[in-house]
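Trainee: Line by line, the protein sequences are chains A and B.
The opening residue of the first sequence carries number 1 in this note's numbering; numbering runs sequentially from there.
The opening residue of the second sequence carries number 451 in this note's numbering; numbering runs sequentially from there.
Heads up, the beta-carbon is just placed ideally off N, CA and C, and yes, glycines get one too.
On a predicted model such as this, the values are computed, not experimentally measured, just so you know.
Below you'll find the structure I mean.
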Amino acid sequence: MKSARSRGCSRLVRAGVASLALALPFGASAQSVPDAGDAANGTTLSLSARKVYEQARSQLVQIRTVLKGRASQTSVGSGFFVTADGHIVTNFHVVSQAALKPERHDLVYVTADGREAPVTILQIDVRHDLALLKAGDAAARRFDALPLRPANRALAQGERIYSLGNPLDVGFAVMEGNYNGLVKRSFYPQIFFGGALSGGMSGGPALDQDGQVIGVNVARRVDGEQVSFLVPAGFVEGLLARGRDSAPLKTPAYAELGAQLQAHQAELADRFIAQGWKPDTHPRYRVPVPQDGFMRCWGGSEASRTGGLDLERSDCVMDTHIFAGDFNTGSISVRHESYDGSKLGALRFAAQHGQSFRNEGFGRLRLDLQTRPQCKEDFVDRDGLVLRAVVCMRAYKKLPQLYDVSVLVATLDQAAAGVQGRFDAQGVSFANAQRLARHYLQAYEKVVPR
Amino acid sequence: MSGSGVLAIVEVLDRDGQVRQSQRVHAWPLRIGRALDNDLSLADPHVAPHHCLIDVDAQGLALQALQTANGVQVGTRRIRAGEREALRDDGHALELVAGRTRLRLRRAGDSLAPELPLAAAATLARRVGPTLIGAAALAAALAFGTWLDSDPDVFLRALGSTALTTVMGAAIWIGLWSLLSKLFTRQTHAGWHLKVFVLSSLAWLVVGALPGLLAFSLNWPWVSDFGFVAGYAIAAAALYYHLLGVEPARPALMRGVAVAAFVVGTGLTLWNQQQRSDRLGSDLYLSSFHPPALRLAKPVSADRFVDDLASLQSVLDRKAKEEPSSDSGASDEE
């Protein structure tokens, strides 16, 4: 299949770690704006933004990951105090280096006053990209904490909200925006924040007009303007309840990461299989195209300009990926192309059908993260519809019992037309890989023409 | 050669087997060496002043090695200084090596091979026929391959470029081999090289298409996985026949070169593939498709296919535990 093109509208870049390096060079030009370093003094902000920032200023921190034994920081994000005992909430991706390679990284928090102290990780929530930290100097002092907005007090669309953090390590800032409800087709609930987020603000709080936390800054879309995302505060509450008395993390958190990814894939496989397939995807076959409960499908058609193969394609991907340190995982994609080779004839069509089936890539992750692919292939019969089926799997090296599975399918019943499909599930158990492959293969059927 | 009293002729051959010097023998013994007082005087520095002697006794001809460090090679046997060896008499000419000089002894009683017809005497059709038929078949196969891989509207353009590449490539290829032949044999043998090129290219195309067809038809993916071995065999055979046009006198050596090239090439390819993808075969999965009627293998049920995946788990788990290898820098695909 030829369709591996990325569309501008489907790329998600993490605020903070991922985009920091790209965004940093802009810091130089920003300095020409007076007082850019301290947004609180800006006169363009509304009165409430100013009030909100003043209230939250002492609860706001920057989280720095520092290379052990070197003074240099490897990434920066934001965070905030949620208890008077010194519990800090941020994103998992802000502290992932310290969580997964603690032998090489230290974590410190810096307040708006410039006070700096070490901080430890108590608990992570990889599925919602959250982490619970505790200030290293918690025994010696009490802290102001930001209150969480109760879940039963829903916000209305369009309500003003304020996102706080330290963008690009420039200085603490408050960004004004709107609450736009929950993100459509997200696997886990996320708040659609109509405001600007930048790298470095990850993990900072988003507050309502009363100064209560409604969510945690997590990501933005780089292909849009002011399309940003927050983790709802409800998950912060859950994490705090689970982890407030945990012992600090000392060893690499791969076991915890693996366990949470296992829980994620179990839910993912169940929900994916439960949502079923769309009807009427091809005049001759039932070609698996998933319902778009938590996926987004794009389609297109191309007529050959050289009198060759005409094709139609469908490409379904999830917006939700689970950030797991060096890579993303925990996502499913389904795509297919259907070919009409009536202008080519049987021999030429077969040659192009085969060429299109060739060279599918399985090299998503580096070889230090995953094994090389292991494949099985055969002709598969689906009630008279003969398919060529290939299943290739790769195992994660640091996450035991998790695999990427890819299923390639080509229909072989017609002489001059056919469909090729590809199903991919990342970070699933072996049993679920088999279950999903079965679910996908069994979706192929001949349709009785009406 | 019917001159009276000629008992034998001793010929000095060059490395291509051409006669460089010939000596009639009217009486035995015949003494061979570098000194001027020999019956046959050689210029080879590896030959002793008085190297050997061919004499006749009750058993027939015999070779006596004289004061020589290198001795004389007769067939596989080396005759050292002072040794004497009866020379076989089976009615065929005999070859000896003294020092580095090849000598051929033709006796009066030896039988002669029948007269070879002159090349020009063979009909033109016999000479160029196979090449012409092969060239026509090759052109047809190339045109078919181009037709198969191109869209209808651009077929003629693709055909033109295939024809141009093939003719240019063939001209350069045959030109280089002819140059080599000219260097070593003083003849270009261009016709021979053209024939080898045409026939081997045709065989290459046919053998290149078969493994994919077989693999698809019978569901034997390994056939196409290792189809390159057949291709290498064709290439090695082509190399052998081209080399024959360069060094016609030493077919055994050339066969050795071709076989060695085949073994080394195949071995290196397998090793490279093993390093690159953990597998010996060239393809991760079968991707050679043919019209549905050519599929003979029976399909399995989806359930059975998915159940069979279970065998992958132990392999994957074992490989996941292996230490990340040194090639962990970048992924090999994409």
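Answer yes or no: does any C-beta atom of chain A fall closer than 9 Å to that of residue 540 of chain B?
Mentor: The count along the second sequence starts at 1 and reaches residue 540 of chain B at position 90. No, because no Cβ of chain A sits closer than 9 Å to the Cβ of residue 540 of chain B.
Trainee: The ligand GDP and residue 768 of chain B: does any heavy atom of the ligand fall closer than 8 Å to the residue's C-beta?
Mentor: Because no ligand of any kind appears in the structure shown, any question about the ligand GDP cannot be addressed here.
Trainee: Shortest alpha-carbon distance to residue 742 of chain B belongs to which of B:663, B:697 and B:764?
Mentor: As a working mapping, residue 742 of chain B is identified with position 292 in the second sequence. Considering only alpha carbons, the answer is B:663.
Trainee: In whole angstroms, what separates the C-alpha of residue 294 of chain A from that of residue 319 of chain A?
Mentor: What you label residue 294 of chain A is simply residue 294 of the first sequence in a count that begins at 1. What you label residue 319 of chain A is simply residue 319 of the first sequence in a count that begins at 1. Their Cα atoms are separated by approximately 8 Å.
Trainee: Have a look at residue 594 of chain B and residue 362 of chain A and give me their C-alpha separation to the nearest angstrom.
Mentor: Start at 1 with the first residue of the second sequence, and residue 594 of chain B comes out as number 144. Start at 1 with the first residue of the first sequence, and residue 362 of chain A comes out as number 362. One C-alpha to the other measures close to 33 Å.
Trainee: On the three-state DSSP scale, how would you describe residue 451 of chain A?
Mentor: An answer regarding residue 451 of chain A cannot be provided, because it is not within the stretch 1 to 450 covered by chain A.
Trainee: Do residue 732 of chain B and residue 677 of chain B have their CB atoms nearer than 9 Å?
Mentor: Indexing the second sequence from 1 puts residue 732 of chain B at position 282. Indexing the second sequence from 1 puts residue 677 of chain B at position 227. For residue 732 of chain B and residue 677 of chain B, yes; Cβs fall inside 9 Å.
Trainee: Please tell me whether residue 702 of chain B has its Cβ less than 9 Å away from any Cβ of chain A.
Mentor: Indexing the second sequence from 1 puts residue 702 of chain B at position 252. So, not an interface residue.
Trainee: Chain A partners of residue 763 of chain B, CB-CB under 7 Å?
Mentor: Taking the second sequence and counting its residues from 1, one reaches residue 763 of chain B at position 313. Within 7 Å Cβ-Cβ: 430.
Trainee: What whole-angstrom Cβ distance do residue 330 of chain A and residue 268 of chain A have, given they're in contact under 8 Å?
Mentor: The residue you call residue 330 of chain A lines up with position 330 of the first sequence. The residue you call residue 268 of chain A lines up with position 268 of the first sequence. About 6 Å; that satisfies the 8 Å criterion.
Trainee: Identify the residues that DSSP records as bridge partners of residue 455 of chain A: which are they?
Mentor: The structure shown does not extend to residue 455 of chain A, since chain A is modelled only from 1 to 450, so the question has no answer here.
Trainee: Would you mind working out which of A:220, A:189, A:232 and A:188 sits nearest residue 206 of chain A, comparing C-alpha positions?
Mentor: Reading the first sequence from its first residue, position 206 is the one you call residue 206 of chain A. Looking at the Cα atoms, A:232 is the closest of the given residues.
Trainee: Note down, in chain order, each residue of its chain lying with its Cβ closer than 7 Å to the Cβ of residue 138 of chain A, except the 5 sequence neighbours on either side.
Mentor: Position 138 of the first sequence, counted from the start, is the residue given in the question as residue 138 of chain A. Contacts found: 85 and 86.
Trainee: Please report how far the alpha carbon of residue 326 of chain A lies from the alpha carbon of residue 433 of chain A, in whole angstroms.
Mentor: For the purposes of this step, residue 326 of chain A is identified with residue 326 of the first sequence, where counting begins at 1. For the purposes of this step, residue 433 of chain A is identified with residue 433 of the first sequence, where counting begins at 1. So the alpha carbons of these two residues sit roughly 22 Å apart.
Trainee: Can you tell me whether DSSP reads residue 105 of chain A as helix, strand or coil?
Mentor: In the first sequence, residue 105 of chain A corresponds to position 105, counting from 1. It is a strand residue.
Trainee: Within 9 Å of any Cβ in chain B, is that where the Cβ of residue 177 of chain A sits?
Mentor: Counting from one through the first sequence, the residue named residue 177 of chain A turns up at place 177. No, residue 177 of chain A does not count as interfacial toward chain B.
Trainee: Quick check: residue 204 of chain A and residue 222 of chain A, are their CB atoms within less than 9 Å of each other?
Mentor: For the purposes of this step, residue 204 of chain A is taken as residue 204 along the first sequence, with counting starting at 1. For the purposes of this step, residue 222 of chain A is taken as residue 222 along the first sequence, with counting starting at 1. The answer is no: Cβ separation not under 9 Å.
Trainee: Are at least three pairs of beta-carbons, each pair with one atom in the region 255-262 of chain A and one in the region 406-417 of chain A, less than 8 Å apart?
Mentor: Short answer: they don't touch.
Trainee: Taking all protein chains shown into account, decide if residue 360 of chain A is buried (16 or more other Cβ within 10 angstroms of its Cβ) or exposed.
Mentor: On the first sequence, position 360 is the one that residue 360 of chain A refers to. Residue 360 of chain A is buried by the Cβ-count criterion.
Trainee: State yes or no: is the C-beta of residue 243 of chain A within less than 9 Å of the C-beta of residue 59 of chain A?
Mentor: Indexing the first sequence from 1 puts residue 243 of chain A at position 243. Indexing the first sequence from 1 puts residue 59 of chain A at position 59. It is not a contact, given that the beta carbons lie outside the stated cut-off.
Trainee: Counting only beta-carbon separations shorter than 9 Å, does residue 334 of chain A have a partner in chain B?
Mentor: Looking up residue 334 of chain A in the first sequence gives position 334. Not an interface residue.
Trainee: With which residues is residue 78 of chain A paired in a DSSP beta bridge?
Mentor: Locating residue 78 of chain A in the first sequence gives position 78, where the first residue counts as 1. Answer by DSSP bridge pairing, in chain order: A:62.
Trainee: Check whether the region 571-582 of chain B and the region 519-539 of chain B touch, using three or more Cβ-Cβ pairs below 8 Å as the test.
Mentor: Result no; under three Cβ-Cβ pairs closer than 8 Å.
Trainee: What do you reckon, are the CB atoms on residue 190 of chain A and residue 429 of chain A nearer than 9 Å?
Mentor: As a first step, residue 190 of chain A must be located in the first sequence, where it is residue number 190. As a first step, residue 429 of chain A must be located in the first sequence, where it is residue number 429. For residue 190 of chain A and residue 429 of chain A, no; Cβs fall outside 9 Å.
Trainee: Mapping the DSSP letters down to three states, classify residue 704 of chain B as helix, strand or coil.
Mentor: As a working note, residue 704 of chain B is residue 254 in the second sequence. Looking at residue 704 of chain B - three-state DSSP - the assignment turns out to be helix.
Trainee: Considering residue 632 of chain B, what are the terminal residues of the alpha helix (DSSP H) in which it resides?
Mentor: On the second sequence, residue 632 of chain B is found 182 positions in, with the first residue counted as 1. Run containing residue 632 of chain B: 605-635, per the alpha helix (DSSP H) assignment.
Trainee: If we count Cβ pairs, one from each stretch, closer than 8 Å, do we get three or more for the region 386-398 of chain A versus the region 363-378 of chain A?
Mentor: Segments in contact, yes.
Trainee: In chain B, which residues lie less than 8 Å from residue 316 of chain A when you measure between Cβ atoms?
Mentor: If you number the first sequence from 1, residue 316 of chain A lands on position 316. Simply none; closest approach about 21 Å.
Trainee: Give every residue of the same chain whose Cβ lies closer than 6 Å to the Cβ of residue 17 of chain A, excluding the five residues on either side of it in the sequence, and list them in chain order.
Mentor: Residue mapping note: residue 17 of chain A aligns to position 17 of the first sequence, counting from 1. Confidence at residue 17 of chain A is low in this model, with a pLDDT of 33, below 50, so the placement of that residue is unreliable and no value is reported for it.
Trainee: Leaving aside the five residues before and after residue 585 of chain B along the sequence, list all residues of the same chain whose C-beta is less than 7 Å from its C-beta, in chain order.
Mentor: For the purposes of this step, residue 585 of chain B is taken as the residue at position 135 of the second sequence. Once the five neighbours on either side are set aside, the close Cβ partners of residue 585 of chain B are 648.
Trainee: What number of angstroms, rounded off, separates the C-alpha of residue 349 of chain A from the C-alpha of residue 356 of chain A?
Mentor: On the first sequence, residue 349 of chain A is found 349 positions in, with the first residue counted as 1. On the first sequence, residue 356 of chain A is found 356 positions in, with the first residue counted as 1. Their Cα atoms are separated by approximately 10 Å.
Trainee: Who does residue 529 of chain B pair with in a DSSP beta bridge?
Mentor: Residue numbering aside, residue 529 of chain B sits at position 79 when the second sequence is read from its first letter. B:522, per the DSSP bridge assignment.
Trainee: Taking residue 708 of chain B as the reference, give the member of B:682, B:720, B:726 and B:724 with the closest Cα.
Mentor: As a first step, residue 708 of chain B must be located in the second sequence, where it is residue number 258. That would be B:682, whose Cα lies nearest to the Cα of residue 708 of chain B.
Trainee: Just tell me which of B:665, B:634 and B:688 has its CA closest to the CA of residue 697 of chain B.
Mentor: To locate residue 697 of chain B, count along the second sequence from 1; it is residue 247. Of B:665, B:634 and B:688, the residue nearest in Cα terms is B:634.
Trainee: List, in order along the chain, the chain A residues whose C-beta lies closer than 8 Å to that of residue 739 of chain B?
Mentor: In the second sequence, counting from the first residue as 1, residue 739 of chain B sits at position 289. Simply 350, 351, 353, 354, 357, 388, 410 and 412.
Trainee: Under 8 Å Cβ-Cβ, which residues of chain A neighbour residue 750 of chain B?
Mentor: Taking the first residue of the second sequence as 1, we reach residue 750 of chain B at position 300. Within chain A, the residues near residue 750 of chain B are 378, 379, 380 and 381.
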